[in-house]
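Engineer:
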């Protein structure tokens, strides 16, 4: 089974946690992976099983990227903060680039995440 990745910048973690809680039934049907802090917060709020990687800035984004490159990721819900500079922006760009190369859908906010879920449910 392919996995869904859950990632969020610091100022978007609450938003992603709330989104996953709202769609817990959907996410419960998938194998989930996440960067460290984000995954821990989602687990606390939902009791979903999530494989946690390192925190994004210390390699977690790249660990998710490795799964994309090996065709193990079906979709990414990456709630990005467009108004705050990220010290690990090159890692973020590399992750988004891998999604483009491997044709992996990425939801970067609640609006695109809602559409992605609707599309995945229709498959």
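In our numbering, the protein residues as written are 13 to 135. Every residue gets a Cβ at the ideal spot worked out from N, C-alpha and C, and that includes glycine.
(1) Determine whether the Cβ of residue 27 lies closer than 7 Å to any Cβ atom of chain C.
(2) Counting C-beta neighbours from all protein chains within 10 Å, is the total for residue 131 16 or more, i.e. buried, or is it exposed?
(3) Do the region 38 to 55 and the region 114 to 123 meet, that is, are 3 or more Cβ pairs less than 8 Å apart?
(4) Contact between the region 80 to 98 and the region 54 to 64: three or more CB pairs below 8 Å?
(5) Identify every run of the beta strand (DSSP E) within the region 53 to 134, keeping only runs that are complete inside it and at least 3 residues long; order them along the chain.
(6) How is residue 24 classed by DSSP in three states: helix, strand or coil?
(7) Between the beta-carbon of residue 89 and the beta-carbon of residue 44, is there less than 7 Å?
(8) Please identify the residue among 117, 57, 100 whose C-alpha is closest to the C-alpha of residue 31.
(9) What's the gap between the Cα of residue 14 and the Cα of residue 85?
Structural biologist: Answer, in terms of the structure:
(1) In summary, chain C is missing from the structure at hand, where a single protein chain is found.
(2) exposed
(3) no
(4) no
(5) 62 to 64, 85 to 91
(6) helix
(7) no
(8) 57
(9) 5 Å
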